[in-house]
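In UniProt numbering, the protein residues as written are 1 to 52.
We treat Cβ as the ideally placed atom computed from N, Cα and C, and that holds for glycine.
Below is one structure, written out as structure tokens; comments come after it.
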């Protein structure tokens, strides 16, 4: 019996049984804060290749 999977399918990491381990915590609005320095850093021109 031949293995007809593509190279991308063969290199893909198995995810069986991992779904329970990957949890995205909810971001509550009362716990979320954007600091002014973070906004300045993201809008500065140090990130080459990103279009405004």
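Taking just the CA atoms, how far does residue j sit from residue i?
i          : j          : result
residue 41 : residue 26 : 25 Å
residue 29 : residue 39 : 18 Å
residue 32 : residue 11 : 37 Å
residue 15 : residue 23 : 14 Å
residue 20 : residue 13 : 16 Å
residue 43 : residue 5  : 44 Å
Spatial neighbours of residue i within its chain, please: C-beta separation below 7 Å, excluding the five flanking residues on both sides.
i         : result
residue 7 : none
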